[in-house]
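Student: Here it is: the structure, laid out below.
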Amino acid sequence: MFENLSERLSGVFDKLTKQGALSEDDVKTALREVRTALLEADVSLPVARDFVAAVQAKATGQAVTKSITPGQQVVKIVHDELQRVLTGDEDPGALKIDNPPAPILMVGLQGSGKTTTTAKLAKRLKEREGKKVLMASLDTNRPAAMEQLAILGMQIGVDTLPIVKGETPVQIAKRAKVQASLGGYDVYMLDTAGRLHIDAELIAQAAAVRDVANPRETLLVVDGLTGQDAVNVAQEFDDKIGVTGVVLTRMDGDGRGGAALSMRAITGKPIRFVGLGEKMDAIETFEPSRIAGRILGMGDIVALVEKAQETIEAEQAARMMKRFQQGRFNMNDLKMQLDQMLKMGGMEGMMGMMPGAAKMGKQMAAAGMDDGILKRQIALINSMTKKERANPDLLAASRKKRIAAGAGLEVSELNKLIKQHRQMADMMKKMGKGGMLKQAMKGMFGKGGAPEGMPDMNDPKAMADAAKALQGRGGLPGLGGGMQLPAGLSGFGKKK
């Protein structure tokens, strides 16, 4: 998300921050480039013009040009203005689902991902907020639309309204309302039909359902890849039906992301969620401050920690910590770590959330670093016997040949993996003895305070402050500075 815009803006601000002093002309030249970058990212012209004017008014005063770090001051002003544009006039707060059964109406055009998004949100409400959710498909036009929602419901463990053929959308909505009340559901979600374009029939149908259900939230699902057209669709739906929030889908495939920047400014409606893939957990809340940081290459440490908390089980982490404290770190442990990285979005997904990681792109490409490395390393470990995984010291030359052949790789790649394992084992032993590992686990899973020098991972504000602090340091607080490739990975996977 926002790769192209982030890359362009990073180039502009790199020039600014390298200059010791800035004149007003330097700032104006930089802001012209910012405006071009915004327009190339498909941000609407009025929004780009207003954005640059607002930044210029704040960035060309004496307080900025005469300050000790003028470049950093300009970057901060741009960051704050980006956050303001994305947030709008007021923070919408959490979804209004506090009065059960709370109806949520899902509307949008056909093909925007309404049904999948309905299931994703239902899963999120069930798992993160402990809500009992009922889903109902009101799409009587598209073949197998109701069956699709029923199958998704089975996959994620969320109830769906039984299908009764021949009912109208209004009748289904009324039945869902009764079922939600009788079944003790906290939330019921109504997935309406879509069309290839906005027409009178679509609007009339959605309006009739709205009048029956009286939804607490009306979420418009729009395809982020449609750029400015997504903003036009949002305006149209809001005028005719009334929308309380927007969900942008396919943002993982949009390198520009201009729709997100224009949506709030033009429609005045908050972006609630962004869809980042086909999987049922590939959806994130849209946090303006964190998105602004991501656009400017500042990373999103909070999202990274949230992903870690979602994918790491507390019991499993406690068992691993005990082993590491005793200085035990074998190939099974390394495999678990590699699997964990893939679950958290792979190398690209994780690095995209690390501050300054965008600038490491060329270094990573030169080292041949991608998710393929992780998969090849896992293949090598899978090719070992149980005894070899538990005790890597057994790996003599003949065993190495067999393991490499079993994984379809070279012995040299296995040697690099063994070297990486030794380095990690030494590091884990030191961290275990120093008590740093135990403190880090406490900080992540809420069992005590965060380690000294590290932010509390359960406090979003502390994590956001830590992310800002990284801009000056280039490393995680408490873990040393420098965004360099891990020693064991520097040569792994290089093309021969």
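In this text, residue positions in the sequence shown follow our numbering: the first is -9, and each later residue adds one. Where is the CB? At the ideal position from N, CA and C, for every residue including glycine.
Per DSSP, what kind of secondary structure is Glu207 in: helix, strand or coil?
Tutor: Indexing the sequence shown from 1 puts residue 207 at position 217. Here Glu207 sits in strand by DSSP.
Student: In whole angstroms, give me the CA-to-CA distance for Ala220 and Val17.
Tutor: Taking the sequence shown and counting its residues from 1, the one referred to as residue 220 is at position 230. Taking the sequence shown and counting its residues from 1, the one referred to as residue 17 is at position 27. Cα-Cα distance, rounded: 32 Å.
Student: Under 8 Å: do the segment 178 to 192 and the segment 76 to 85 share three or more Cβ pairs, one atom per stretch?
Tutor: no
Student: Reducing DSSP to helix, strand and coil, say where Asp213 ends up.
Tutor: One-based indexing of the sequence shown puts residue 213 at position 223. Correct three-state label for Asp213: strand.
Student: Using the rule of at least 16 other Cβ atoms within 10 Å of the residue's Cβ for burial, across every protein chain shown, is Arg118 buried or exposed?
Tutor: Locating residue 118 in the sequence shown gives position 128, counting from the first residue. It counts as exposed.
Student: Going by DSSP, what residue range makes up the beta strand (DSSP E) through Ala126?
Tutor: On the sequence shown, position 136 is the one that residue 126 refers to. Run containing Ala126: Val123 to Ser127, per the beta strand (DSSP E) assignment.
Student: Output the distance between the C-alpha atoms of Asp573 and Ser388, rounded to the nearest integer angstrom.
Tutor: Past the edges of the chain, shown from -9 to 486, lies residue 573, and the structure says nothing about it.
Student: Is the distance from the Cβ of Leu142 to the Cβ of Ala109 below 7 Å?
Tutor: The residue you call residue 142 lines up with position 152 of the sequence shown. The residue you call residue 109 lines up with position 119 of the sequence shown. Yes, Cβ-Cβ distance for Leu142 and Ala109 is below 7 Å.
Student: Measure the C-alpha to C-alpha separation of Arg240 and Leu407 and round it to an integer number of angstroms.
Tutor: Walking along the sequence shown from the start, residue 240 turns up at place 250. Walking along the sequence shown from the start, residue 407 turns up at place 417. Roughly 35 Å between the two C-alpha positions.
Student: Can you tell me which residues form a DSSP beta bridge with Pro93?
Tutor: Within the sequence shown, the letter at position 103 stands for residue 93. Tyr178, per the DSSP bridge assignment.
Student: Do Glu30 and Val531 count as a contact pair if the criterion is CB distance below 7 Å?
Tutor: One cannot answer for residue 531 here, as it falls past the ends of the chain, which runs -9 to 486.
Student: Taking the straight line between their C-alpha atoms, what separation do you get for Ile162 and Ile256?
Tutor: Translated into the one-based positions of the sequence shown, residue 162 becomes position 172. Translated into the one-based positions of the sequence shown, residue 256 becomes position 266. The straight-line gap from Cα to Cα measures roughly 34 Å.
Student: Helix, strand or coil for Ile368? Go by DSSP, reduced to three states.
Tutor: The residue given as residue 368 occupies position 378 in the sequence shown. Helix.
Student: Whether or not the segment 269 to 277 and the segment 91 to 102 are in contact is what I'm after, with contact meaning three or more pairs of Cβ atoms, one per stretch, closer than 8 Å; do they touch?
Tutor: no
Student: Who pairs with Ile67 in a beta bridge, going by DSSP?
Tutor: Indexing the sequence shown from 1 puts residue 67 at position 77. In DSSP, Ile67 forms no bridge with anything.
Student: Taking the continuous beta strand (DSSP E) assigned at Arg262, which residues delimit it?
Tutor: Counted from its first residue, the sequence shown places residue 262 at position 272. It spans Ile261 to Gly265 - the beta strand (DSSP E) in which Arg262 sits, taken as one unbroken run.
Student: Can you check DSSP and say which residues form a bridge with Gly98?
Tutor: Along the sequence shown, read from residue 1 onward, the residue named residue 98 stands at position 108. DSSP output for Gly98 lists Val211 as bridge partner(s).
Student: Mind reading off the beta-carbon distance from Ile273 to Gly283? Whole number of angstroms is fine, and I expect it under 8 Å.
Tutor: Walking along the sequence shown from the start, residue 273 turns up at place 283. Walking along the sequence shown from the start, residue 283 turns up at place 293. Distance from Ile273 to Gly283 at the Cβ level is roughly 19 Å; contact not present, criterion being Cβ atoms closer than 8 Å.
Student: Could you tell me the alpha carbon to alpha carbon distance between Lys230 and Met414, rounded to whole angstroms?
Tutor: For the purposes of this step, residue 230 is taken as residue 240 along the sequence shown, with counting starting at 1. For the purposes of this step, residue 414 is taken as residue 424 along the sequence shown, with counting starting at 1. Approximately 59 Å, taken between the alpha carbons.
Student: For Asp242, which residues from the same chain have a beta carbon less than 6 Å from its beta carbon, with the 5 sequence-adjacent residues on both sides left out?
Tutor: The residue labelled residue 242 in the question sits at position 252 within the sequence shown. Excluding residues within five positions, the ones whose Cβ falls inside 6 Å are Leu266 and Gly267.
Student: Helix, strand or coil: how does DSSP classify Gly1 here?
Tutor: The sequence position of residue 1 within the sequence shown is 11, counting from 1. Correct three-state label for Gly1: helix.
Student: Restricting to Cα atoms, I'd like to know which of Lys121, Gly214 and Thr234 is closest to Val514.
Tutor: Only positions -9 to 486 of the chain appear in the structure, and residue 514 is not among them; the question remains open.
Student: Buried or exposed: which applies to His187, given that a residue is buried once 16 or more other Cβ atoms fall within 10 Å of its Cβ?
Tutor: For the purposes of this step, residue 187 is taken as the residue at position 197 of the sequence shown. By the neighbour-count rule (16 or more Cβ atoms within 10 Å), His187 is not buried but exposed.
Student: Can you name, in chain order, every residue of its own chain whose Cβ lies under 6 Å from the Cβ of Arg25, other than the five neighbours on each side?
Tutor: Here residue 25 corresponds to residue number 35 of the sequence shown, with the count starting at 1. Once the five neighbours on either side are set aside, the close Cβ partners of Arg25 are Ala38 and Val42.
Student: Is it buried or exposed, Ile281, if we count other Cβ atoms within 10 angstroms and call 16 or more buried?
Tutor: On the sequence shown, position 291 is the one that residue 281 refers to. Classification of Ile281: buried, given that the 10 Å Cβ count is 16 or more.
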